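Read in the UniProt record's numbering, the sequence shown has 91 at position 91, and its numbers run on one by one without any break.
Even for Gly, the Cβ is constructed at its ideal location relative to N, Cα and C.
All values derive from a computational prediction rather than experimental measurement.
Below you'll find the structure, written out as structure tokens, and then a few comments.
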Amino acid sequence: MTPELAQVWLERWDAQQERYVADREARFAAIGEVVAQAVPGSPLVLDVGCGPGSLSVRLARRLPSAEVVGVDVDPLLLALGRAGYPEISRLVDADLRSPGWTAALGLDRKVDAVVSTTALHYLPKEQLGALYAELGGLLRPGGVLVNADNVLEEQPAVATLAAALRRTMTAGGEDWSAWWRAVEAEPALADLVAERGRRLGAHGGDHHLPLRTHRELLREAGFGEVGPVWQMGDDVILVAVR
């Protein structure tokens, strides 16, 4: 894949993602600032469920002395990121749900920060708890986990208002399904589309959990302080300190 082709699809990816995340760039900037403040210097940052590297590349640009490693299971999105974002140190092909996935990372030291954005809601509660425990084992003492995602609002009236706010704050244009249909019609991506279909199959659904459940799972995984540092409606950046 050429860098030029990758850039075309990465720009369209960013545009369609803005339909779903209010103030997406502000969210990225906030994550970068949290990491910069929490682990200054030349940190090793792991981006889990990185997709095409949207967060990874912004962190690499915000923290040019950092080593940023992304991990995802989607071969097409990884290929786009590898071709289009040379600033990222490495993008690793591994399934967060598979035992021993951390070996594929090839890390030679503890991680300073783990980050994720709009990815971990694909995991049900039990798998998310197990992942939090694995990530805690990768982090050095004092390291941070920074997870940006939508949380389940358990109060129905507040949930309705949060959903309405998201609809009014996000952009129109090409949506998720239309982006994937366009990708599937691109001849240059046919092999990657086929490999993605063999590997991933149908979308596994969403498992948005309330903030209190994230707190409980992170505490059980051995994290000390846990709390939100940024919020827009039901979109939250949650920080956990190892």
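Check your understanding: Between which two residues does the alpha helix (DSSP H) carrying Asp191 extend?
Key -> Ala190 to Leu200
Practice item. For Arg199, verify whether its CB is less than 7 Å away from any heavy atom of the ligand MG. Key: Only the bare structure without any ligand can be found here, which leaves the ligand MG out of the picture.
Check your understanding: Which residue or residues does DSSP assign as beta-bridge partners of Ile237?
Key -> Ala148 and Trp230
Exercise for review: State the DSSP-derived secondary structure class of Pro3, mapped to helix, strand or coil.
Suggested key: helix
Exercise for review: Report the residue ranges of all alpha helix (DSSP H) runs contained in full by the stretch 2 to 43; include only those spanning at least 4 residues, in chain order.
Suggested key: 3 to 17 and 24 to 38
Review point. According to the neighbour-count rule (16 or more other Cβ atoms, all chains shown, within 10 Å of its Cβ), is Gly32 buried or exposed?
Key: buried
**Study point:** Run of the beta strand (DSSP E) containing Glu134, from where it starts to where it stops
**Key:** That residue, Glu134, is in no beta strand (DSSP E); its alpha helix (DSSP H) goes Lys125 to Leu138.
Exercise for review: Return the bridge partner residues of Asp47 from the DSSP annotation.
Suggested key: Gly70 and Val115
Review point. So who's on the other strand from Arg90, going by DSSP bridges?
Key: Val69
Exercise for review: Please report how far the alpha carbon of Phe223 lies from the alpha carbon of Glu134, in whole angstroms.
Suggested key: 12 Å
Check your understanding: Quick one, which of Asp47, Gly172 and Pro141 has its alpha-carbon nearest Ser116's?
Key -> Asp47
Point to revise | Closest Cα partner of Gln155 within the set Asp234, Leu78, Leu59 and Arg196 | key: Asp234
Review point. Could you give the distance in angstroms between the alpha-carbon of Leu238 and the alpha-carbon of Arg58?
Key: 18 Å
Review point. Near Tyr132, which residues of its chain fall below 6 Å by C-beta distance, leaving aside the five closest residues on each side in sequence?
Key: Leu217, Leu218 and Ala221
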